[in-house]
Amino acid sequence: MEPKMVADTRLVCGEGTLWHEGEQKLYWLDIPNGSIYRYDPRAGSHERVYSGEVIGGFTVQADGSLLLFMAKGAVLIWKQGQLSTLIEEIPEERDARFNDVIADPEGRVFCGTLSPSTPRRPGRLYRLERDGKIARVLEGIGISNGLGFSPDHKQLYYTDSAKGEIYVFDYERSSGAIRNQRVLVRVPASEGEPDGLTVDAEGFLWSARWNGSCIVRFSPEGREVLRVSLPARKVSCLTFGGKDHRDIYISTAGGDKREEEGPGAGALFCVNLGIAGRAEFCSRVLCG
Numbered sequence: 043m044e045p046k047m048v049a050d051t052r053l054v055c056g057e058g059t060l061w062h063e064g065e066q067k068l069y070w071l072d073i074p075n076g077s078i079y080r081y082d083p084r085a086g087s088h089e090r091v092y093s094g095e096v097i098g099g100f101t102v103q104a105d106g107s108l109l110l111f112m113a114k115g116a117v118l119i120w121k122q123g124q125l126s127t128l129i130e131e132i133p134e135e136r137d138a139r140f141n142d143v144i145a146d147p148e149g150r151v152f153c154g155t156l157s158p159s160t161p162r163r164p165g166r167l168y169r170l171e172r173d174g175k176i177a178r179v180l181e182g183i184g185i186s187n188g189l190g191f192s193p194d195h196k197q198l199y200y201t202d203s204a205k206g207e208i209y210v211f212d213y214e215r216s217s218g219a220i221r222n223q224r225v226l227v228r229v230p231a232s233e234g235e236p237d238g239l240t241v242d243a244e245g246f247l248w249s250a251r252w253n254g255s256c257i258v259r260f261s262p263e264g265r266e267v268l269r270v271s272l273p274a275r276k277v278s279c280l281t282f283g284g285k286d287h288r289d290i291y292i293s294t295a296g297g298d299k300r301e302e303e304g305p306g307a308g309a310l311f312c313v314n315l316g317i318a319g320r321a322e323f324c325s326r327v328l329c330g
C-alpha cells in the first residue's frame, strides 16, 4: 500500500491529475508556475509540455485537446501546442482564478473559483455549457475544490476545502442542474483539509488531504474505510489511470520547501491497491 514516487518534480503546487485516455498518459499541473506536466508510464518518464499563465484546472476534450481554466475566469483551448481563447475573462472573477474542474457525462464542465489575493471574497461554482456559455450555479464557497460523479450519474460530489466539507447534490444529467445540497463528509481541522476528489467503480469517494499527508477512501454514505499515507504534507489531487484504471496517481505540493513539507513534497506518486476506478468524462465544449 506504499505509494511509489514516479516523478520527482518538486512542484510548488502539483495539482489536477487527469488520465488522458487517448494518449494513455497522465497530465497534471504546477498551478502558480502555469505549467502542464505529462507522465508516460510505459517509458517511466515525465516532461513539462507547457508553461505560461497560471492554470487552476483542466479537462481533456473529446478531440484530445486540453481545456484550460485560468486566472480572471479565462478559459483557453490547448491543441497541438497552440492556444486559442474561449472566454477572455469573467468580470466578477478578475481578482480570482479557477481551481478544480470536472467534465460531466454530457461534456459540460463544472468549474470552481477561489480568490488567493482576497481571502474573504467567497468563491463560486460555474457550469460551462457545450456551446461555450457559462452560468453561475453556486456562491459563498470558501475554497472550491474536488468534484466527482456517482456511477449512476445521479449525484455530484463537491469539496469546499476552507469549510472542511464534502457535499453531495442531486444531479440532473439532461440539464446539468444540481439540487438538494447536503454534507456527506466533515473533516476536522486538526486532520487537514479535503482537496482533490475522484470516485471509483464501486461508487466510493477518494479524497486527497491537504496538510494531512494521505488519501482517504469513503463509502457512498461518507464513512472512512481506507487511508493511505504519503511522504508529503500537502496531498492535493488524485485520479485513476492505466489500462484497467487501477493505478491511482497522486499529486503533492510544497516541493520548494521539502524540509518543512516532507521528502516527497511536490512529487507525483502512484499506487495500485487492486481497486478499479473509472475513466473521467471528456469535455465537449465547442466540439460538436
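The sequence shown runs 43 to 330 under this note's numbering.
Every residue gets a Cβ at the ideal spot worked out from N, C-alpha and C, and that includes glycine.
Among G99, Q66, V48 and G94, which residue has its Cα nearest to the Cα of C279?
Looking up residue 279 in the sequence shown gives position 237. Checking every option, the nearest Cα to that of C279 belongs to G99.
Which residues mark the beginning and the end of the alpha helix (DSSP H) in which R300 is found?
Numbered from 1 along the sequence shown, position 258 holds the residue referred to as residue 300. Taken as a continuous stretch (DSSP letters only), the alpha helix (DSSP H) holding R300 covers R300 to E303.
Please return the same chain residues whose Cβ sits closer than 7 Å to the Cβ of W252, not counting the five positions on each side in sequence.
Counted from its first residue, the sequence shown places residue 252 at position 210. So the list reads S203, G234, E235, D237, K276, V277 and S278, once near-sequence residues are dropped.
Give the straight-line distance between the Cα atoms of V24 and N75, rounded to the nearest whole angstrom.
In the structure as shown, the chain starts at 43 and stops at 330, and residue 24 therefore has no counterpart that could be examined.
Between L167 and F152, is the Cβ-Cβ spacing less than 8 Å?
As a first step, residue 167 must be located in the sequence shown, where it is residue number 125. As a first step, residue 152 must be located in the sequence shown, where it is residue number 110. Contact: yes.
Kindly confirm or deny that the region 111–119 and the region 129–136 touch, where touching means at least three C-beta pairs closer than 8 Å.
Taking 8 Å as the limit for Cβ pairs, the verdict is that the region 129–136 does touch the region 111–119.
Could you check the C-alpha separation between W61 and A318 for me, to the nearest Å?
For this step, residue 61 is matched to residue 19 along the sequence shown. For this step, residue 318 is matched to residue 276 along the sequence shown. Going by the C-alpha atoms only, they are around 14 Å apart.
Which residues does DSSP pair with R136 in a beta bridge?
For this step, residue 136 is matched to residue 94 along the sequence shown. Beta-bridge pairing links R136 to no other residue.
Taking all protein chains shown into account, do 16 or more other C-beta atoms lie within 10 angstroms of the C-beta of V225, making it buried, or fewer, making it exposed?
Position 183 of the sequence shown, counting from 1, holds the residue named residue 225. Counting Cβ neighbours within 10 Å, V225 comes out exposed, since fewer than 16 surround it.
Just verifying my parser: in three-state terms, what is the DSSP assignment at A274?
Translated into the one-based positions of the sequence shown, residue 274 becomes position 232. Three-state DSSP puts A274 in coil, outside helix and strand.
Just to check my reading of the structure: E57 and A321 have Cβ atoms closer than 8 Å, yes? What is that Cβ distance to the nearest angstrom?
Numbered from its first residue, the sequence shown carries residue 57 at position 15. Numbered from its first residue, the sequence shown carries residue 321 at position 279. Incorrect: roughly 20 Å between the Cβ atoms, too far for contact.
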